[in-house]
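Colleague: Take a look at this one; I'll ask things after.
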Amino acid sequence: MKRDDAYVTELALRAGRGDKQALSEFIRATQEDVWRLLAHLGGREHADDLTQETYLRVMGSLPRFAARSSARTWLLSLARRTWVDSVRHDMARPRKAAVEYDDVAGQQPSPDNSNTWSEVLDARSLLDDLPTERREALILTQVLGYTYEEAAKIANVRVGTIRSRVARARRDLVAGAED
Numbered sequence: 001m002k003r004d005d006a007y008v009t010e011l012a013l014r015a016g017r018g019d020k021q022a023l024s025e026f027i028r029a030t031q032e033d034v035w036r037l038l039a040h041l042g043g044r045e046h047a048d049d050l051t052q053e054t055y056l057r058v059m060g061s062l063p064r065f066a067a068r069s070s071a072r073t074w075l076l077s078l079a080r081r082t083w084v085d086s087v088r089h090d091m092a093r094p095r096k097a098a099v100e101y102d103d104v105a106g107q108q109p110s111p112d113n114s115n116t117w118s119e120v121l122d123a124r125s126l127l128d129d130l131p132t133e134r135r136e137a138l139i140l141t142q143v144l145g146y147t148y149e150e151a152a153k154i155a156n157v158r159v160g161t162i163r164s165r166v167a168r169a170r171r172d173l174v175a176g177a178e179d
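Printed below as a string of structure tokens:
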């Protein structure tokens, strides 16, 4: 259940002043949002590690958190930066995504969900094919349910930029599904 942003912000401020119980509650109240964002951006197989790295960064940054935005927005901005840093770090390594999709596609689907599995792979493939900025905007607004204003703060761009990226992502998805 998503906690009220004012409550989460208060928890972050208390945690920043050294309240360990507030820190634990802050993590419980926000962990699902962080994991979901990172699972969509970096893949489910990396979401746990990226979430852990995000909270390590958060613990070092909480004493400086000044509540200029909601704690949830601030936290998801840190999660996004954690993901961006991991992408930069991994750029030198060869990518396995296409091979993984080929391996999964080559497996025999179970009779009770054969169409569902291929549709999920197709949808995930379409999302993965979106340019990073468009995928991020679409996931923040359409999957995770953040407003365009909140998504703009998380991505550190203007609201109009988020709106444009979402519109283009939708157009790309429709075009990809028609191919």
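So the sequence shown is numbered by the UniProt record's numbering: it starts at 1 and just counts up by one. Each residue gets a CB set at the ideal place from its N, CA and C atoms; glycine is no exception. Values in this document were obtained by computation on a predicted structure and should not be read as measured data.
Alpha carbon to alpha carbon, what distance is there between Leu126 and Arg171?
Modeller: Distance between the alpha carbons of Arg171 and Leu126: 11 Å.
Colleague: From Ala97 to Asp128, what distance separates their C-alpha atoms?
Modeller: Any reading at Ala97 is ruled out, since the residue's pLDDT is 45, under 50, leaving its predicted position unreliable.
Colleague: Could you give the uninterrupted runs of the alpha helix (DSSP H) lying entirely in the segment 27 to 68, keeping only those of 4 residues or more?
Modeller: Segments of the alpha helix (DSSP H) lying fully in the segment 27 to 68: 44 to 61.
Colleague: Roughly how many angstroms separate the alpha carbons of Tyr101 and Ala66, rounded to a whole number?
Modeller: Note that Tyr101 scores a pLDDT of 43, beneath 50, so its modelled location is shaky and nothing firm can be said.
Colleague: So which of Thr147, Ala175, Asp33 and Val143 has the shortest CA-CA distance to Leu78?
Modeller: Among Thr147, Ala175, Asp33 and Val143, the Cα nearest to that of Leu78 belongs to Asp33.
Colleague: Pick from Leu76, Ser61, Leu173 and Glu45: whose alpha carbon is nearest that of Gly18?
Modeller: Among Leu76, Ser61, Leu173 and Glu45, the Cα nearest to that of Gly18 is on Ser61.
Colleague: Leu76 by DSSP, collapsed to three states: which one?
Modeller: Leu76 falls in the helix class under three-state DSSP.
Colleague: Spatial neighbours of Ala151 within its chain, please: C-beta separation below 7 Å, excluding the five flanking residues on both sides.
Modeller: So the list reads Ala137, Leu140, Thr141 and Ile162, once near-sequence residues are dropped.
Colleague: Taking the alpha helix (DSSP H) that Val166 belongs to, which residues open and close that run?
Modeller: Segment Val159 to Glu178, the alpha helix (DSSP H) holding Val166.
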